[in-house]
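In this text, residue positions in the sequence shown follow my numbering: the first is 126, and each later residue adds one. For every residue, glycine included, the Cβ atom is placed at its ideal position computed from N, Cα and C. Below is one structure, written out as structure tokens, with a few remarks after it.
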Amino acid sequence: MKEAVKQNMRRPVVAGNWKMNLSRAEAAALVETIKPAVTLDESVEVVLCPPYTALSHVHDELRRSNIQVGAQNVFWERSGAFTGQVSVPMLRDAGCTYCIVGHSEARGSFGILETHEGSLSYFAETDRTVGYKVRALLDFGIIPIVCVGETESERGSGQTEGVIDKQLEGALGTLDEAEMGSVVVAYEPVWAIGTGKTCESEEANRICAFIREKIGEHADAESAEDLRVLYGGSVKPNNARELFAQSDIDGGLVGGASLDGPGFVHIIRAAQGNFLR
Ligand code: PGA
């Protein structure tokens with residue numbers, strides 16, 4: 126592990142991805158356990174990403190706190206005949222300041238509905254549609270949390286860096302330097318999501334550094350240095366501190382463990398303890 130406390134200009138983010146869980150009442154109860162832990166400390170940005178049905182309710186519950194609300198997905202068109210979709214202006218209206226895009230549970234390959242390695246890609250997200258979503262979000266001032274990451278077989282066949290580079294290019298390839306400053310990237314190895322198999326902290330750090338390096342090539346060195354890169358995939362109270370202590374990991378995207386109030390607070394504390402501002 127690197128030094129326990131690091132100093133840098135990148136304000137860390139801990140985002141809770143609640144996925145398809147929690148009623149409005151359950152969401153409100155969870156918010157109550159998290160709110161007091163965050164209110165007096167602004168060293169870490171905390172974002173809660175409930176399902177659409179609880180977004181504005183959670184936003185209301187979070188008034189007078191500095192916790193932010195994010196969505197788990199979005200459609201890039203502003204309005205129209207798109208049954209079942211939710212637009213960026215609607216997310217703004219519900220109080221969102223963040224939105225996850227390109228999560229592996231929403232991605233497919235080349236737009237074809239498929240199932241692989243237990244990761245059910247029902248929604249056929251592609252690098253290109255992730256790019257449309259990023260552009261639409263930035264147009265309305267919502268920060269995209271862009272998820273990238275390889276499957277187990279891609280890792281096994283040495284394609285990790287190539288896959289991630291392609292995902293970054295699709296999502297962020299058209300952004301200018303100013304726009305790059307408003308993006309967060311989450312490295313989420315697919316094999317580590319919901320499996321309890323966390324990526325070793327040094328390996329996660331190596332890939333996060335690779336992401337930063339690629340952004341430096343696609344955009345510029347300053348954007349790369351300022352970019353916040355999160356790690357996601359079985360982040361738990363017992364591994365968060367070591368992960369967040371790594372030099373190129375600026376917080377976490379937390380799934381299962383974000384549904385447990387005290388555990389999630391522990392993870393937030395791990396981020397607070399690791400960054401000195
Ligand atoms: P997990 O999910 O923490 O349950 O592995 C992370 C994610 O999917 O964002």
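- In this structure, DSSP gives residue 250 an extended state, which the three-state scheme calls strand.
- Contact check for residue 227 against residue 273 passes: the beta carbons are separated by less than 8 Å.
- Shown in chain order are the residues whose CB sits closer than 6 Å to a heavy atom of the ligand PGA: 142, 313, 318, 319, 357, 358, 359, 360, 378, 379, 380, 381 and 382.
- Beyond the five residues adjoining it in sequence on each side, residue 152 comes within less than 6 Å, by CB distance, of 175, 179 and 183 in the same chain, given in chain order.
- Per DSSP, reduced to three states, the secondary structure at residue 225 is strand.
- Within the model, the alpha-carbon separation for residue 209 versus residue 177 is close to 11 Å.
- Boundaries for residue 269: no alpha helix (DSSP H) harbours it, while the beta strand (DSSP E) harbouring it runs 268-273, taken from the DSSP string.
- A distance below 8 Å between beta-carbons, with the five flanking residues on each side excluded, links residue 194 to the following residues of its chain, in chain order: 172, 173, 174, 175, 180, 183, 184, 187, 219, 220, 221, 222 and 223.
- In terms of Cα proximity to residue 211, the closest of 190, 168, 258 and 170 is 258.
- Taking residue 373 as the centre and dropping the five residues before and after it, the same chain places the C-beta of 330, 333, 334, 337 and 354 closer than 7 Å to its C-beta, in chain order.
- The stretch 200-225 contains, as complete alpha helix (DSSP H) runs of 4+ residues, the segments 213-218 (chain order).
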